[in-house]
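Engineer: Here it is, the structure, as structure tokens.
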Amino acid sequence: GNSVTQMEGPVTLSEEAFLTINCTYTATGYPSLFWYVQYPGEGLQLLLKATKADDKGSNKGFEATYRKETTSFHLEKGSVQVSDSAVYFCAFRPYNAGKSTFGDGTTLTVKP
Amino acid sequence: GAVVSQHPSRVICKSGTSVKIECRSLDFQATTMFWYRQFPKKSLMLMATSNEGSKATYEQGVEKDKFLINHASLTLSTLTVTSAHPEDSSFYICSASGDFNSPLHFGNGTRLTVT
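Protein chains in written order, with my numbering: chain A, 1 to 112; chain B, 1 to 115.
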């Protein structure tokens, strides 16, 4: 069945460190892929997306590339800030289907 | 960008009472809305899929008589937690999208505490 596996947290980094959060998925067809971010006490916000193979989504310094051959969508940022501390969710949504499948979330804490 | 408004953000109720949570898409029409429950430090658990003008589709293990969902218009879905109990205390989040190939837009969630 459909599933998303993302790197377990928590992840703790110092400011300006490089961030990678791994995400792999199992799905049939050609899903759209997403990263969402959740700040404390809030709902989720779309961080970036990619809708086809080799697409790179980017926003606020974060990037992720849709790798169909490895069924992955790893999130990266070259230099994290304290304000990036949040929970990050990888998700996919099959083409022309309603439900999205979410990973378990990865908590990131960035220390000054 | 697309905005989803969820209300209330926090509610405290007594055991046995019912609570209604509203989810509105403010600047787009949402044919489908989703309701999730999130436990502390856990991922989202999809409770049900709400389609405008039809009955909601509930996920396995979710009691449809306890969590009543109504999607009366293309911009409003409601979740009513009936006869609430302390174990229903949780963070409830709704989401919506304009079509199947668009990202989901989330409300800010409702923190329900049942005393």
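C-beta atoms are modelled at their ideal positions from N, C-alpha and C, and glycine is treated no differently.
Closer than 8 Å is the cut-off here; do at least three beta carbon pairs connect the stretch 3-10 of chain A with the stretch 54-70 of chain A?
Structural biologist: Three or more Cβ pairs closer than 8 Å define a contact, and the stretch 3-10 of chain A falls short of that threshold against the stretch 54-70 of chain A.
Engineer: So Gln-6/B contacts chain A; which residues on that side make the cut at Cβ distance below 9 Å?
Structural biologist: Indexing the second sequence from 1 puts residue 6/B at position 6. Near Gln-6/B (Cβ distances below 9 Å), the residues of chain A are Gly-43.
Engineer: Taking buried to mean at least 16 other C-beta atoms within 10 Å of its own C-beta, is Ala-96/B buried or exposed?
Structural biologist: As a position in the second sequence, residue 96/B is number 96, starting the count at 1. Buried: at least 16 other Cβ atoms inside 10 Å.
Engineer: What in chain B is Cβ-close to Phe-89/A, meaning under 8 Å?
Structural biologist: Position 89 of the first sequence, counting from 1, holds the residue named residue 89/A. Per Cβ cutoff of 8 Å: Ser-43, Leu-44.
Engineer: Can you name the residues of chain B whose CB is closer than 7 Å to the CB of Gly-105/A?
Structural biologist: Position 105 of the first sequence, counted from the first residue, corresponds to residue 105/A. Near Gly-105/A (Cβ distances below 7 Å), the residues of chain B are Ser-43.
Engineer: Taking the beta carbon of Phe-89/A as the centre, do at least 16 other beta carbons fall within 10 Å, making it buried, or is it exposed?
Structural biologist: The residue you call residue 89/A lines up with position 89 of the first sequence. It counts as buried.
Engineer: For Gly-57/A, which beta-bridge partners are listed by DSSP?
Structural biologist: The sequence position of residue 57/A within the first sequence is 57, counting from 1. Looking at the DSSP output, Gly-57/A shares a beta bridge with Ala-64/A.
Engineer: Does the beta carbon of Gly-109/B come closer than 8 Å to any beta carbon on chain A?
Structural biologist: One-based indexing of the second sequence puts residue 109/B at position 109. For Gly-109/B, the answer is yes, since a Cβ of chain A falls inside 8 Å of its Cβ.
Engineer: Tell me the rounded alpha-carbon separation between Arg-111/B and Lys-56/A.
Structural biologist: Reading the second sequence from its first residue, position 111 is the one you call residue 111/B. Reading the first sequence from its first residue, position 56 is the one you call residue 56/A. The straight-line gap from Cα to Cα measures roughly 35 Å.
Engineer: Give the residues of chain B in contact with Leu-75/A, contact being defined as C-beta atoms less than 9 Å apart.
Structural biologist: Sequence index remark: in the first sequence, residue 75/A carries index 75 (1-based). Near Leu-75/A there are no residues of chain B at all, since even the closest Cβ is about 15 Å away, more than 9 Å.
Engineer: Using only the alpha-carbon positions, how far apart do Ala-86/A and Ser-54/B sit?
Structural biologist: Start at 1 with the first residue of the first sequence, and residue 86/A comes out as number 86. Start at 1 with the first residue of the second sequence, and residue 54/B comes out as number 54. Their backbone Cα atoms lie some 36 Å apart in a straight line.
Engineer: Over the uninterrupted beta strand (DSSP E) stretch that includes Met-47/B, give me the two end residues.
Structural biologist: Here residue 47/B is taken as the residue at index 47 of the second sequence, counted from 1. Taken as a continuous stretch (DSSP letters only), the beta strand (DSSP E) holding Met-47/B covers 44-51.
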